[in-house]
Every structure is written in C-alpha cells, then in structure tokens.
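Chemist:
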Amino acid sequence: MVNVSFQILVFALCTTLLIVRTQSQGHIGLSKKHVPLFIFGDSIYDAGNNNYINTTVMANYWPYGETFFKYPTGRFSDGRIIPDFIAEYAKLPFILPFLQPGNHEFTYGVNFASAGAGALVETRQGMVIDLHTQLSYFESVTKSLRRKLGDEEAKALLSRAHASILLSEEFVGMVVGNITAVIKEVYKKGGRNFGFFSIWPIACIPFGRVLERRKTGACLDEITPYVTLHNKAFPKVLESLQNELDGFRYSFSEFHDFLKERMDHPSKYGFEEGKVACCGSGPYRGFFSCGGKRGVAEYELCDNVTEYVFFDSAHATERLYRQFAKQFWAGPAYSTAPYNLKALFESKY
43 MVNVSFQILV
53 FALCTTLLIV
63 RTQSQGHIGL
73 SKKHVPLFIF
83 GDSIYDAGNN
93 NYINTTVMAN
103 YWPYGETFFK
113 YPTGRFSDGR
123 IIPDFIAEYA
133 KLPFILPFLQ
143 PGNHEFTYGV
153 NFASAGAGAL
163 VETRQGMVID
173 LHTQLSYFES
183 VTKSLRRKLG
193 DEEAKALLSR
203 AHASILLSEE
213 FVGMVVGNIT
223 AVIKEVYKKG
233 GRNFGFFSIW
243 PIACIPFGRV
253 LERRKTGACL
263 DEITPYVTLH
273 NKAFPKVLES
283 LQNELDGFRY
293 SFSEFHDFLK
303 ERMDHPSKYG
313 FEEGKVACCG
323 SGPYRGFFSC
333 GGKRGVAEYE
343 LCDNVTEYVF
353 FDSAHATERL
363 YRQFAKQFWA
373 GPAYSTAPYN
383 LKALFESKY
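Heads up: the sequence shown begins at 43 in our numbering, then just goes up one per residue.
(1) Hey, Thr348 and Arg361 are a contact pair by Cβ (cut 8 Å); roughly how many whole angstroms apart?
(2) Taking Tyr150 as the reference, give the member of Thr175, His174, Gly250, Arg202 with the closest Cα.
(3) Quick one: what's Tyr292 bridged to in DSSP?
(4) Going by Cα to Cα distance, which pick from Pro139, Tyr103, Tyr106 is closest to Gly83?
(5) Given a threshold of 16 other Cβ atoms within 10 Å of its Cβ, counted over all protein chains shown, does Ala260 qualify as buried or as exposed?
(6) Between the Cα of Val99 and those of Asn273, Gly337, Ala385, Glu264, spot the shortest distance and give me the residue it belongs to.
(7) Leaving out five residues on either side along the sequence, give the residues of the same chain with a beta carbon under 6 Å from the beta carbon of Cys246.
(8) Whole-angstrom Cβ separation of Phe330 and Phe249, contact assumed at under 8 Å?
(9) Would Ala155 pass as a contact of Phe118 if the rule is Cβ separation under 8 Å?
(10) Would you identify the three-state DSSP class for Gly71, choosing helix, strand or coil?
(11) Let me know the beta strand (DSSP E) ranges lying completely inside the region 284–346, each 3 residues or longer, listed in chain order.
(12) Could you check what DSSP says for Thr378 in three-state terms: helix, strand or coil?
(13) Using a Cβ-Cβ cut-off of 7 Å (strictly less than) and excluding sequence neighbours within five positions of Glu108, which residues of its own chain qualify?
(14) Using the C-alpha atoms, what's the distance from Glu340 back to Ala379?
(15) Using 8 Å for Cβ pairs, my map puts Tyr350 next to Phe300. What's the rounded Cβ distance?
(16) Which same chain residues end up closer than 6 Å to Ala196 when comparing Cβ atoms and leaving out the 5 residues on each side of it in sequence?
(17) Using a threshold of 8 Å, state whether the C-beta atoms of Ile171 and Ile95 are closer than that.
(18) To the nearest whole angstrom, what separates the beta carbons of Phe238 and Leu280, a pair I think is in contact under 8 Å?
(19) Find the nearest neighbour of Phe294 within the set Trp104, Phe366, Pro78, judged by alpha-carbon distance.
(20) Quick check on Gly71: buried or exposed, where buried means 16 or more other Cβ atoms within 10 Å of its Cβ?
(21) Count the other C-beta atoms from every protein chain shown that fall within 10 angstroms of the C-beta of Gly333, then say buried if there are 16 or more, exposed otherwise.
(22) Under three-state DSSP, which class holds Gly192?
(23) Assign Leu79 to one of three DSSP states: helix, strand, or coil.
(24) By alpha-carbon positions, which one of Thr175, Ala198, Leu191 ends up nearest to Asn220?
(25) Find the nearest neighbour of His357 within the set Cys320, Pro267, Val228, Lys112, judged by alpha-carbon distance.
(26) Can you tell which of Pro78, Asn92, Pro105 has its C-alpha closest to the C-alpha of Cys393?
(27) Between the C-alpha atoms of Val252 and Arg327, what's the straight-line distance to the nearest angstrom?
(28) Looking at the secondary structure, which residues open and close the alpha helix (DSSP H) in which Val152 lies?
(29) What does DSSP give as the partner residue(s) for Phe352 in the beta ladder?
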C-alpha cells in the first residue's frame, strides 16, 4: 500500500490544517487578543521533535538549516518552514517543539509535528510521533495551561488558538476518518478556527521521479490517485464539519496546484530549477541522501539554494515555503477559502 504521511500544523499540507482560536481573559502578560498556535503534522512542520526520539528520520545535521539559522535545527529545509512564517505574520515567536527540553511556556502555542509521522498509528510505528500521540500531547498542554492560567482563561486562550493539521499520502478513507476524529477532539477542547491545505503532487517530487523506473524523469503515477481522492474528499468533510459543529471555521489553501505550477514553470516565480533537488544524489538528486547520514555517504549540494524549489528529495526550500505561507496567510478566495489565516487570526470570534 502506498505509504502516506500526514502533516498538521496551524496549517496543513495535505488538505488539512486546523487553526484553533481562543479568547483570553487577561492573564498577566497576555493581551485579550493573544492567539496561540498549535501545530500537528510530519516533516513539513517538524521544527525538531524528532531530535528527541529514537528514530532515523532526522534533519539535525548539516546542510539542513544552512541559510537562515546557520546550523541544523531538525527542520527538513535549508531554513525556515511554513509554521515559522505563519508565526511571524501572526507576530508570534518561533513555536517550539513540544519535546524540546525546558519548553514549558505554552501560551504562544507548541509544535507537535514529527517527521515521518502518519495519520495512522501503524505508519512507522515506534519511530515517529503519530497523530493520536500528538493529540495526547495537546491534551497534556491544555491541562498545563489550566493549572497556570485557571480554567476560564485557559479555555479562552484555547478557543482563540490556531491549530493546524497537515496530511499527505495515506489510505484516503482511514486517513480522512482519523483526521476528522482528531479535529473533533481539538474542537471539544475549545478549538474553533482551523487551517488546512491540499496534498502536494507527491508523485512528481524528486524522490517520486527516481522511484519511477519505467520511464526516466516521469512521475510515480501510482501515488496520484490517492492524492486526487484525498484532495477531493477532504474539502467536503470540512464543509460537513462547518454545518455540524457550532462555531467551526476553517481556512483551506490550494498547495497542490501552487507547487505544481512552480515545478513546471520555475522562472515565473523567481526559481531556476523546479524538478531537481538542491541536496541529494542520483537522478534529480532524488535519493534521500542529503547530509550523508542515511546510509549513503556521498551526496551533492547546489551552489545557490535560492534558485531551487526543492531542498532535498522530498522537502522544499525556505524560499518556496515563504511563498506558500504568504498565500496561506493572506491569499485571495480563489486560492485560500472560505477564510485565509489572517482573517482567522484576527477574528474576534
């Protein structure tokens, strides 16, 4: 079966992003409009949680992080990722990984995402933080906030918070069902505003192209039906939830076509290369060997990462993530609807 991972964040890659908004009652140091950000997902959103678990799915070595941070943070990119930019636009600090030692300040939100994780518990079981475990972490954070702020203020803060879930390529029915269940649990805890985005064209990323052995450079078309089904099914689920759950509001941004357009026509958007990764080995630098820590010691690294859409064989560059974050934050209705993230963050409801 095609392995599909999920991504969650206060935005989501695969058609699912959830933003939770809460109403704070004025704890010392917190304004009444203070909006925290809670992030669930996989490597597109992981800011370093996998640094602290027993796994081989890691990015805590050079050249990851080479451009913005100047050192590896655990993010699967040369620099910042989508949640970092959303936090910036929302005037929040970087949202820290839940497992980072000493991270006990949750009033700005927290990042639960884990590279390689899936919406199903069985996906890389024991090596990643699956979606339901991320939900359990969220529940522990809500308890911590109640102890710190009191029940009423914690409830208000969580209702104003933004939570995002990102999905990728798993069996569509089970994945959508699991994600829907998690959304409802977050809703029960006070989440009202959610953000999501469609699954990107996984079949045509550099890693997908090297897996297609029948025709050099072609996309791995076996994956495409799963992506198409998910991208059609999930928006319908969101519409249903909006009718079912009082106060449920969401933002859904079109990431699939956004990325495909830049892969096919990179020069229109300031890139030079849309199909070959900056870091990796083999055709299209599509083998997942960036950094030489995954069993293949030799790899290539491009000279100018800003010219590339993809940093490694399965993840984009900071520049691409920044472009999409702008659409997710303030994009027009044809790309991000029924609300963009900015509208949800600034909402008084």
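The beta carbon of each residue, even a glycine, is placed where N, CA and C say it ideally should be.
Modeler: On the basis of the data shown:
(1) Their Cβ separation, rounded to whole angstroms, is 5 Å, which keeps Thr348 and Arg361 in contact under 8 Å.
(2) Among Thr175, His174, Gly250, Arg202, the Cα nearest to that of Tyr150 belongs to Arg202.
(3) Under DSSP, Tyr292 shares a beta bridge with Phe236.
(4) The option with the nearest alpha carbon to Gly83 is Pro139.
(5) Around the beta carbon of Ala260, a 10 Å sphere encloses fewer than 16 other beta carbons of the protein chains shown; the residue is thus reported as exposed.
(6) Of Asn273, Gly337, Ala385, Glu264, the residue nearest in Cα terms is Gly337.
(7) Within the same chain, Cys246 has close Cβ partners Cys261.
(8) Phe330 to Phe249, Cβ: 6 Å. Contact.
(9) No; because the gap between Cβ atoms is not below 8 Å, this pair is not in contact.
(10) Any reading at Gly71 is ruled out, since the residue's pLDDT is 47, under 50, leaving its predicted position unreliable.
(11) Inside the region 284–346, DSSP marks whole beta strand (DSSP E) runs of 3 or more residues at positions 291–295, from first to last along the chain.
(12) In this structure, Thr378 counts as strand in the three-state DSSP scheme.
(13) Closer than 7 Å at Cβ, skipping near neighbours: Asp120.
(14) Linking Ala379 to Glu340 through their CA atoms gives a straight-line distance of about 44 Å.
(15) Contact flag wrong, Cβ pair sits at about 16 Å.
(16) Listed in chain order, the non-local C-beta contacts of Ala196 below 6 Å within the same chain comprise Leu187, Arg188, local neighbours out to five positions each way being set aside.
(17) In this structure, Ile95 lies closer than 8 Å to Ile171 by Cβ.
(18) For Phe238 against Leu280, the beta-carbon gap comes to about 7 Å, under 8 Å, which counts as contact.
(19) Taking only the C-alpha atoms, the option nearest Phe294 is Phe366.
(20) Low per-residue confidence applies at Gly71: pLDDT is 47, beneath 50, and the placement is therefore not dependable, though the value from the model is reported in the following sentence. With fewer than 16 other Cβ atoms within 10 Å, it is exposed.
(21) Classification of Gly333: buried, given that the 10 Å Cβ count is 16 or more.
(22) Note: Gly192 maps to coil in three-state DSSP.
(23) Of the three classes helix, strand and coil, the one that applies to Leu79 here is strand, per DSSP.
(24) The candidate whose alpha carbon is nearest that of Asn220 is Thr175.
(25) In terms of Cα proximity to His357, the closest of Cys320, Pro267, Val228, Lys112 is Cys320.
(26) What the structure shows of the chain is the stretch from 43 to 391, and residue 393 is not part of that stretch, so it cannot be assessed.
(27) Straight through space, the alpha carbons of Arg327 and Val252 are spaced by roughly 9 Å.
(28) For Val152, there is no enclosing alpha helix (DSSP H); the enclosing beta strand (DSSP E) has its first and last residue at 151–153.
(29) Among the bridge pairs identified by DSSP, Phe352 is matched with Ala358.
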